[in-house]
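Participant:
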Amino acid sequence: MSNVFDVLKERGYVAQVTHEEDLRQLLGEKPVTFYIGFDATAESLHLGHYVQIMVMMHLQKAGHRPLVLLGGGTTMVGDPSGKTDMRKMLTQEQIQHNALRFKAQFERFLEFDEGKACIVDNAEWLLELNYIEFLRNIGRHFSVNRMLAAECYKSRLDQGLTFLEFNYMIMQAYDFLELYRRYDCQLQMGGDDQWSNILAGYELIRKVERDNSFALTFQLLTTSEGKKMGKTESGALWLDPEKTSPYEFYQYLRNVDDRDVEKTLKLLTFVSLEDIKELCSAEGAALNRAKEVLAFEATKIVHGEEAARHAQEAARAAFSGGVSEDMPTTALNEAVLKDGLDILTLLMETGLAASRSEARRLVQQGGISINDEKIAAIETVVTLDYLDAGQMIIKKGKKVYHRVIAE
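If you're matching positions, the sequence shown starts at 23 in the working numbering and goes up one per residue.
1. Taking the alpha carbon of residue 151 as the point to measure from, which residue in 101, 96 and 170 has its own alpha carbon closest?
2. Can you tell me where the alpha helix (DSSP H) holding residue 71 begins and where it ends?
3. Under three-state DSSP, which class holds residue 211?
4. Identify whether residue 221 lies in helix, strand or coil by the three-state DSSP scheme.
5. Please determine if the stretch 201-216 and the stretch 237-255 are in contact, where contact requires at least 3 C-beta pairs separated by less than 8 Å.
6. Give the DSSP bridge partners of residue 38, in chain order.
7. Can you check which of these residues, 102, 64, 67 and 426, is closest to residue 191 by C-alpha distance?
8. How far does the alpha helix (DSSP H) with residue 21 in it reach, from first residue to last?
9. Taking the Cβ atom as the reference point for each residue, do residue 337 and residue 276 lie within a distance shorter than 7 Å?
10. Given a cut-off of 7 Å, decide if residue 54 and residue 80 are closer than it, judged by their beta-carbon atoms.
11. What residues are listed by DSSP as bridge partners for residue 413?
12. Give, in chain order, every unbroken run of the alpha helix (DSSP H) that is at least 4 residues long and sits entirely within the stretch 302-376.
13. Beta-carbon within less than 7 Å of residue 169's beta-carbon, same chain only, minus the 5 sequence neighbours each way: which residues are those?
14. Along the beta strand (DSSP E) that carries residue 55, what are the first and last residues, could you check?
15. Looking at the secondary structure, which residues open and close the alpha helix (DSSP H) in which residue 268 lies?
16. Could you check whether residue 124 and residue 60 sit closer than 7 Å to each other, using their CB atoms as the reference points?
17. Select from 73, 369, 410 and 172 the residue whose C-alpha is nearest the C-alpha of residue 220.
Structure below.
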């Protein structure tokens with residue numbers, strides 16, 4: 023059996039790592055307890071989190087033990103990494119609500135039987151800390167000069183960095199120390215934008231416990247143009263089917279750029295590297311087979327095989343001009359359509375545009391059609407006359423379909 027570290031490298035997950043050869047040897051010799059932290063800033067995990075979940079699944083399949091660390095404490099401060107402004111402050115009740123939603127989602131991906139994966143909340147130790155003791159015992163190990171040189175802080179100095187956020191690195195480092203002490207956790211992992219914070223925990227264990235641990239970061243999920251993947255017109259690509267339907271999730275991945283297919287197949291599915299190489303050897307329209315495999319396999323992992331199959335059928339029906347019950351749908355009161363609804367408002371109601379200005383631009387650029395008829399004027403008023411068998415199909419661009427029904 024191949025070493026799981028090699029698997030992670032071959033599939034393109036690994037960005038940075040401490041003591042690479044030592045970690046590879048350790049992962050090949052015995053079960054290792056590792057953790058990834060997830061701050062509960064929203065009600066659902068998203069596509070970026072999914073990359074990290076895939077790594078946890080790879081490691082658990084190889085016999086290692088995942089710790090899912092919910093940020094019940096750190097979310098109250100907010101991670102400044104990658105942010106130009108301070109994050110919105112949530113109440114403790116909101117954070118706990120979000121953490122419970124996260125917990126339910128993780129149970130779809132990892133095995134939580136006795137001795138396997140474990141969910142921990144850093145609120146257990148962070149919310150009860152004595153400030154003076156924490157400064158004396160932990161704060162003395164941190165150099166302000168080195169902290170300010172970290173990218174997560176350096177990039178914020180011009181816009182302003184609050185003292186609240188400045189504490190985040192120390193809190194995350196302390197998390198690693200606590201998990202090391204409580205669970206013999208030897209490895210912390212996370213996105214590459216977390217490297218400074220993760221390294222701080224690695225160094226804290228070395229200074230306080232005089233022992234070795236390991237830090238590893240993953241490549242961020244970006245397009246070939248360097249843009250972050252997982253953003254749609256309506257916001258993030260969520261793993262909660264109530265926030266992003268399986269169809270929308272499938273369609274997003276089905277429509278990735280040709281240049282990103284191989285990378286996303288490696289990161290978001292368990293398809294073998296041999297099969298990925300064969301699928302991606304095609305060019306042009308023939309590459310659509312690889313995109314279908316990508317969308318189906320990832321949707322199957324996130325939402326289950328049945329939901330993935332329905333999403334695939336709906337996507338194929340939309341492409342061939344048909345209609346499926348699984349297509350994203352907006353129900354409008356019949357009286358609204360009887361009076362008439364302007365096209366710009368309709369595009370916003372269906373989530374196909376985030377604002378009237380965006381809706382106007384879509385129409386003016388010829389990007390909107392209803393029942394295969396191009397909408398040419400922004401003054402268009404959509405009425406009951408547009409319904410065909412009680413529904414209409416709005417198409418945005420070449421690949422986004424939305425069904426509107428009257429009720």
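Glycine included, every Cβ here is placed at the ideal spot set by N, Cα and C.
Since the structure is predicted, the reported quantities are computational estimates derived from the model, not experimental observations.
Facilitator: Well, looking at it:
1. Position 129 of the sequence shown, counted from the start, is the residue given in the question as residue 151. Taking only the C-alpha atoms, the option nearest residue 151 is 96.
2. For this step, residue 71 is matched to residue 49 along the sequence shown. If you look at residue 71, you'll find it in the alpha helix (DSSP H) that goes 69-83.
3. By 1-based counting over the sequence shown, the position of residue 211 is 189. Of the three classes helix, strand and coil, the one that applies to residue 211 here is strand, per DSSP.
4. As a working mapping, residue 221 is identified with position 199 in the sequence shown. If DSSP states are grouped into helix, strand and coil, residue 221 belongs with the helices.
5. The stretch 201-216 vs the stretch 237-255: in contact.
6. In the sequence shown, the residue the question calls residue 38 occupies position 16. Note: residue 38 sits in a beta bridge opposite 239.
7. Numbered from 1 along the sequence shown, position 169 holds the residue referred to as residue 191. Closest by alpha carbon: 102.
8. The structure shown does not extend to residue 21, since the chain is modelled only from 23 to 429, so the question has no answer here.
9. To locate residue 337, count along the sequence shown from 1; it is residue 315. To locate residue 276, count along the sequence shown from 1; it is residue 254. Their beta carbons are under 7 Å apart, which means residue 337 touches residue 276 by this criterion.
10. The sequence position of residue 80 within the sequence shown is 58, counting from 1. The sequence position of residue 54 within the sequence shown is 32, counting from 1. Not in contact: residue 80 and residue 54 (Cβ atoms no closer than 7 Å).
11. If you number the sequence shown from 1, residue 413 lands on position 391. Per DSSP, 410 and 427.
12. As far as the stretch 302-376 is concerned, its whole alpha helix (DSSP H) runs of at least 4 residues are 310-325, 327-341, 356-361 and 365-371.
13. For the purposes of this step, residue 169 is identified with residue 147 of the sequence shown, where counting begins at 1. Excluding its 5 nearest sequence neighbours in each direction, residue 169 has C-beta neighbours in its own chain below 7 Å: 175 and 191, listed in chain order.
14. Within the sequence shown, residue 55 is the residue found at index 33, counting from 1. Note, residue 55: beta strand (DSSP E), 55-60.
15. As a position in the sequence shown, residue 268 is number 246, starting the count at 1. Boundaries of the alpha helix (DSSP H) harbouring residue 268: 268-276, taken from the DSSP string.
16. Translated into the one-based positions of the sequence shown, residue 60 becomes position 38. Translated into the one-based positions of the sequence shown, residue 124 becomes position 102. A contact, by the Cβ cut-off of 7 Å.
17. As a working mapping, residue 220 is identified with position 198 in the sequence shown. Nearest option by C-alpha distance: 172.
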